[in-house]
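For reference, the structure is listed below as structure tokens.
Protein chains: 2
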Amino acid sequence: MLLSRPDVPRPSVAARDKARRLLEASLGPSKVLVERDACERFVRDESEAEGVIPDAVVLASSTDDIQKALGAAREAEVPITPRAGGTGRTGGAVPVGGGIVLAISGTNQLKDVDLREGIAVVEPGLILKSLHDAVEREGWFYPPDPNSLSSCCLGGNVAENAGGPRAFKYGVTRDYVLGMTALLIGGQRLQVGRRTLKGVTGYDVTALLVGSEGTLAVFGDITLKLIRKPESVTTLLALFPDVRASTRCVAEMTSAGVTARCIEFFDGSTLNAMRAAGNPIDARAGSLLLIEVDGSARDCEVAAERVGMACEAAQALEVLVAQDAGQRERLWAARREMSHAVRKLTRRKLSEDVVVPRQCIATLLERVAASCEKHRVRSLTYGHAGDGNLHVNFLWDTDDEMPGVDLAIGDLFREVVALGGTLSGEHGIGVLKAPYLPLEQSPELIALQKDLKRLFDPSGLLNPGKIFPGGAHQAC
Amino acid sequence: MLLSRPDVPRPSVAARDKARRLLEASLGPSKVLVERDACERFVRDESEAEGVIPDAVVLASSTDDIQKALGAAREAEVPITPRAGGTGRTGGAVPVGGGIVLAISGTNQLKDVDLREGIAVVEPGLILKSLHDAVEREGWFYPPDPNSLSSCCLGGNVAENAGGPRAFKYGVTRDYVLGMTALLIGGQRLQVGRRTLKGVTGYDVTALLVGSEGTLAVFGDITLKLIRKPESVTTLLALFPDVRASTRCVAEMTSAGVTARCIEFFDGSTLNAMRAAGNPIDARAGSLLLIEVDGSARDCEVAAERVGMACEAAQALEVLVAQDAGQRERLWAARREMSHAVRKLTRRKLSEDVVVPRQCIATLLERVAASCEKHRVRSLTYGHAGDGNLHVNFLWDTDDEMPGVDLAIGDLFREVVALGGTLSGEHGIGVLKAPYLPLEQSPELIALQKDLKRLFDPSGLLNPGKIFPGGAHQAC
């Protein structure tokens, strides 16, 4: 099941030729790549999902370009796969049936920042960090902060409903999307949602599109809500003997009424990976929390004190408080580099992205450890402990390890669902988790979602092979 | 157009008889009202919308009862209108085609409060204030606070995506619904969403159902997110010479970086209504703001000081700070009684619920005043200034005033849309605003929403006549 490519048929030669002709005629040759070598660069994202080299790649630089590409795909009846930053972890941007890749990273304008209303309007290809920088300079804040913030695009963030460490306090992308231009297969343009902070007119089509993984619509301009930037932030790092102790600290913080803005969690194997990457971490530590509180300077003082007490109650080995921005940045740099540090340990890895009730984190990790031992698989886990969102990484070097990894992943998802959790907190289902969807959702709910998909995309041309096991247009 | 009842056909006598028989057989006679006098009590909500006396009323006390009622409606092919607290302002719970009213206020258990996870599970008939009281005792907080909080039910709140004053800082009902049991026409039960704080598995069907006004599904158990209760609250009341000054104060607060938890706004006519109801308000005042800030005690001090400076910059006549809980409660009591105070001035009223960018509030009200003068209509406006959500009340006594009111409402909605606003911030579209939907939304977006409606309810039996002009099952 692992890394299997969904059975999405390739378009016929005639259809591919027609698509290329239509694209070149409507967009001009400079925006359409058709050479195999050029197209090959668009076959992967940052997951292990495997694609088919696309027949054409559209380099869109405007909403009009996106419309034209969606029109050509419909007319030629070839699949079209939208792609923003290409930083996805479940294969959402991977063209599993070839066809057209619609690359929107050239639509990258910050079109409007209205600070009287606390609203920003962005093109879908804008890099998240550009938005952060632009609004933070003015004392405003756009909280979502996936690890890939320097390279991911807001259109992809909206498609995947991206989260990040700060989601624990501030919510995920969905909580900040007020409205958008939605571009449907065929090129139809729909204005959905609103520009005001509140609004309940009609069904919340905007909310349905957020997190739909590029399978219902492609986005043009997106209207986002901003909030005020917290005045101060305090960052703490706490070392614990083991996962039971660090997760007890999370519970102690909850009891003490601390709403940290993030609580980043690392298990013992992750600490070993960090040590291997050159970070001198106390050898006694079997788990670590990186905790941030924010608010007024006085709020931070009070909260940091309570965090310190929670750490003590949970028998922390050591608690460090970053004394300045430089120290703070160094603590975070280690977190951001984690994924790359892990990559150095292994030829291949899969980072799962499950969520369990936060009181079940230690239990889940014990069960994962038992499963990995049984199947002889290496794993390590880090993630966002506040909302129970864990990135369980499975590591392997050679193909003969893959059956074990496959079994361990199945065990993980079953345990997650048994503990009342969900398969994905912020990476989406994409290609890689589609086979597991029925573990969590009933056949009736999956059937309803396939009906929704067909309503937006009757021919199944928009990002086929994603979310649904066996494809959206086949029976369960 | 005003108060016109949508053209929803009544079921045939045979269908009504069949529905009653099926309901009595599956639910037992004690849960099914069929006497005309008993049924008549369910023909209205707190709006001016007119209904048809239902043929039967189901007094559901469990999810099973809801399922059985939805099953009977489908089998007998009669319309069914869900009803929670009956406090809606746009006729969402009004049976416009007769048939069955499904009253769910008997399903009123607070089933679970898990403070380790910050989650509550409620039955849909639970009164909102019961949830507030239960969680606030434990130091937790469920922010949505519509004015009807002592009588409205959470199921209705979710159906309408209720807001309230605190929505400015804390968001609306949608921001707190994690998952639910959805009961479809026919009685099919679907578990949607999740119990964890984060989750992006599949389409966000939960978000689509929130705010769907009882037209897509009826809710069983609802899982809600809780947050920590702010430690302190400070309430201020500021008087201004006119609306330009009070709305300038709102802008000054934004510039000063104050995120008040609410900014309640009253125009001059509203102050006159308050004076007529016995509130001794300074005669110089032509507008009033009731402002609340929350956080730590120190945060409140700092924020209150900034609010005071913003008031001064906007040339407030007077600023009062509530010195204790009693004073605070008295300030709010006047706000909560507003709707009733207005009712004393007039035989009939319609409270519209529009949203405009907050910088456009004064402009909108000037245009409303001009329109009302032209059409000889009385109006007054209060609302939530932070998010630009205004309750524009039109008042009249005799039927011959209605054509003028009708014209003034049309003018209002056109101006709102022209200013970049939306028809409804928290009351929904229901019956009363359905004719105006095309002012804001394109034919294509309305057609898409009707397709969504048909997907959930192919025969159009669930709460017909709501949201869509001409009904969901007719062409635009």
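Chains A and B supply the protein sequences, listed in that same order.
Going left to right, the first sequence walks through residues 128 to 603 as my numbering numbers them.
Going left to right, the second sequence walks through residues 128 to 603 as my numbering numbers them.
By construction, the Cβ of each residue, glycine as well, lies at the ideal position given by its N, Cα and C atoms.
- Taking a C-beta cut-off of 8 Å against chain A, the contacting residues of the segment 295-315 of chain B are F295, G298, V299, R301, D302, Q315, listed in chain order.
- Those residues of the segment 545-570 of chain B placed with their C-beta closer than 9 Å to a C-beta in chain A are G547, G548, T549, L550, S551, G552, E553, H554, G555, I556, K560, L564, E567, Q568, S569, ordered along the chain.
- The beta carbon of Q450 (chain B) does not come within 8 Å of any beta carbon belonging to chain A, so the residue lies off that interface.
- The C-beta separation of V221 (chain B) from V170 (chain B) comes to about 7 Å, placing the pair in contact by the 8 Å criterion.
- When C-beta distances to chain B are compared with 9 Å, the residues of the segment 475-491 of chain A below that value are D480, V482, V483, P484, R485, Q486, in chain order.
- Comparing alpha carbon positions, the residue from A:G326, A:K325, A:V332, A:L324 closest to Q318 (chain A) is A:V332.
- Within the DSSP bridge table, the entry for I227 (chain A) names A:A183, A:I207 as partners.
- Per DSSP, the unbroken alpha helix (DSSP H) holding E571 (chain B) starts and ends at 570-583.
- Taking the beta carbon of N516 (chain A) as reference, the chain B residues within 7 Å of it are K325, listed in sequence order.
- Sequence-distant partners of R322 (chain A) (beyond 5 residues in either direction) whose C-beta falls short of 7 Å from its own C-beta, in its chain, are I246, L305, G306, T350.
- By the Cβ-count criterion, H467 (chain B) is exposed, with fewer than 16 other Cβ atoms from all chains shown falling within 10 Å of its own Cβ.
- Annotation for L416 (chain A): the continuous beta strand (DSSP E) segment containing it runs 414-422.
- C-alpha of D421 (chain A) to C-alpha of D514 (chain B): approximately 24 Å in a straight line.
- Apart from sequence neighbours up to five positions away, the residues of its chain that approach V159 (chain B) with a beta-carbon distance below 8 Å are R147, L150, E151, A183, V184, V185, L186, ordered along the chain.
- Residues of the segment 328-344 of chain B that bring their beta carbon within less than 8 Å of a beta carbon in chain A comprise T328, G329, Y330, D331, V332, A334, L335, V337, G338, S339, L343, in sequence order.
- Neighbourhood of S423 (chain A) in chain B, by CB distance below 9 Å: G422, S423, R425, D426, V429, in chain order.
- Spanning the alpha carbons of A431 (chain A) and L255 (chain B) requires a straight line of approximately 34 Å.
- One thing to note: G233 (chain B) has its Cβ within 8 Å of the Cβ of S188 (chain B).
- In this structure, DSSP gives F595 (chain B) a state outside helix and strand, which the three-state scheme calls coil.
- Distance from the CA of L546 (chain B) to the CA of A383 (chain A), rounded to the nearest whole angstrom, comes to 45 Å.
- Inter-residue distance for Y269 (chain B) and L242 (chain B) is about 12 Å (C-alpha atoms, whole angstroms).
- Excluding sequence positions up to five before and after R503 (chain A), its CB lies within less than 8 Å of the CB of E528, G531, all in the same chain and listed in chain order.
- Counting only runs of 4 or more residues that sit fully inside the segment 154-198 of chain A, the alpha helix (DSSP H) segments are 163-167, in chain order.
- Within chain A, the residues R243 have their CB atoms less than 8 Å from the CB of A378 (chain B), given in chain order.
- Each of A:F346, A:A424, A:V299, A:G314 was checked against the Cα of V327 (chain B), and the nearest Cα belongs to A:V299.
- Pairing S257 (chain A) with L579 (chain B), the inter-Cα distance amounts to about 36 Å.
- The beta carbon of R474 (chain A) is closer than 8 Å to those of W523, D524, T525 in its chain, skipping five residues each way along the sequence.
- When rounded, the separation of the alpha-carbon atoms in K352 (chain B) and L324 (chain B) is 7 Å.
- Of all residues in the segment 578-596 of chain B, only D578, L579, L582, I594 come within less than 7 Å of chain A when Cβ atoms are compared, listed by chain position.
- When the beta-carbon positions are compared, R388 (chain B) and Y297 (chain B) come within less than 8 Å of each other.
- Non-local C-beta neighbours of C499 (chain B) in its own chain, meaning closer than 6 Å and more than five positions away in sequence, comprise S506, A535, ordered along the chain.
- In the structure shown, the three-state DSSP call for R505 (chain B) is strand.
- Excluding residues up to 5 positions away in sequence, A211, I231, S232, G233, T234, N235, C280, G282 lie with their Cβ nearer than 7 Å to the Cβ of G252 (chain B) in the same chain.
- Contact annotation for N235 (chain A) against chain B: no contact, minimum CB-CB distance about 24 Å [criterion: below 9 Å].
- Less than 8 Å divides the Cβ of P138 (chain B) from the Cβ of P206 (chain B).
- Positions of the beta strand (DSSP E) runs, each at least 3 residues long and wholly inside the segment 352-422 of chain B, are given as 359-367, 389-394, 414-422 in order along the chain.
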